[in-house]
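Using the working numbering, count along the sequence shown one by one with no gaps and you end on 218.
All C-beta atoms, glycine included, are put in the ideal place defined by N, C-alpha and C.
A short write-up of the structure that comes next.
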Amino acid sequence: MRLSPREFRGMNNPVRRLVQRRIEFPQFKGLGLDASDKDVLEVGCGSGYGAVLLSTQGPRSYHGIDLMSEQIALTGRWDLPSARFSVMDASRLDAFATESFDLAVVFGILHHIPRWREVLAEAHRVLRPAGQLFIEEPDMRAIRVWDRVLHWGHPADGAFSLEHLEEEIERLGFAIGASRRFRWVGWYRADRR
Ligand SMILES: C[S@@+](CC[C@H](N)C(=O)[O-])C[C@H]1O[C@@H](n2cnc3c(N)ncnc32)[C@H](O)[C@@H]1O
Numbered sequence: 026m027r028l029s030p031r032e033f034r035g036m037n038n039p040v041r042r043l044v045q046r047r048i049e050f051p052q053f054k055g056l057g058l059d060a061s062d063k064d065v066l067e068v069g070c071g072s073g074y075g076a077v078l079l080s081t082q083g084p085r086s087y088h089g090i091d092l093m094s095e096q097i098a099l100t101g102r103w104d105l106p107s108a109r110f111s112v113m114d115a116s117r118l119d120a121f122a123t124e125s126f127d128l129a130v131v132f133g134i135l136h137h138i139p140r141w142r143e144v145l146a147e148a149h150r151v152l153r154p155a156g157q158l159f160i161e162e163p164d165m166r167a168i169r170v171w172d173r174v175l176h177w178g179h180p181a182d183g184a185f186s187l188e189h190l191e192e193e194i195e196r197l198g199f200a201i202g203a204s205r206r207f208r209w210v211g212w213y214r215a216d217r218r
């Protein structure tokens, strides 16, 4: 689902990038994220700052996808000549062959997508055996509080708890290899079996 104008502004500013750089990316690294020599897909890459962070690890390739062309248009500001960005719906990754990536990374997008289970299933499909999916997501209780305070307008459809997310990750055939939780936000490394 497209971001509201308020959330679009909230996602595209130096404070958001600081949080992603200083908190979220280190959490993933603590769970074992290592993109070096890997083919990396970022699902819901927004304006591309995740690509900047992942590129510091020297991936073999990086492809970021996002539903909003306005987000993809902003990726041009980064000096990342080998990174690719495409407008695409994360629940239909038809453009990618089965088992074509080593790593898939999600910085907080599933709570925008009522069909989030299909996004996870597609990530599972495009990952190679032993591929890894890194997910950061807030629990639906956090979303409710944020929306009351910030009026970002997340979809109520498909809202999920972290327990539901964990169940779905495992139901799809991933093993949760490592995880961390801080209050209502979870970070996961899901290993494709
Ligand atoms: C909260 S923002 C996070 C953006 C970026 N990952 C970050 O951490 O700054 C959620 C992103 O998910 C994207 N999005 C929402 N629904 C989507 C879908 N069905 N497929 C792909 N991207 C989607 C939005 O356009 C937005 O860029």
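Contact set for V131: own chain, Cβ-Cβ below 6 Å, skip 5 residues either direction: V68, I160
Extent of the continuous beta strand (DSSP E) run through D91: 86-91
Euclidean distance between Cα positions of V128 and P30: The identity of residue 128 in the sequence shown is Leu, whereas the question assumes Val. Roughly 30 Å between the two C-alpha positions.
Three-state secondary structure assigned by DSSP to A207: Residue identity check: residue 207 is Phe in the sequence provided, not Ala. In this structure, F207 counts as strand in the three-state DSSP scheme.
Exposure label - S186; buried when at least 16 CB within 10 Å: exposed
I194 (DSSP reduced to helix, strand or coil): helix
Rounded straight-line distance, which links the Cα of I134 to that of S94: 16 Å
CB contact flag (Y87, A115, <8 Å): no
Reduced DSSP secondary structure (H/G/I, E/B, other) of Q157: strand
Rounded straight-line distance, which links the Cα of L145 to that of L190: 10 Å
Span of the beta strand (DSSP E), counted from its first residue to its last, around F121: Careful: F121 lies outside any beta strand (DSSP E) and carries neither H nor E.
N- and C-terminal bounds of the alpha helix (DSSP H) containing S94: 94-99
Cα-Cα separation between G73 and F207, rounded to whole angstroms: 25 Å
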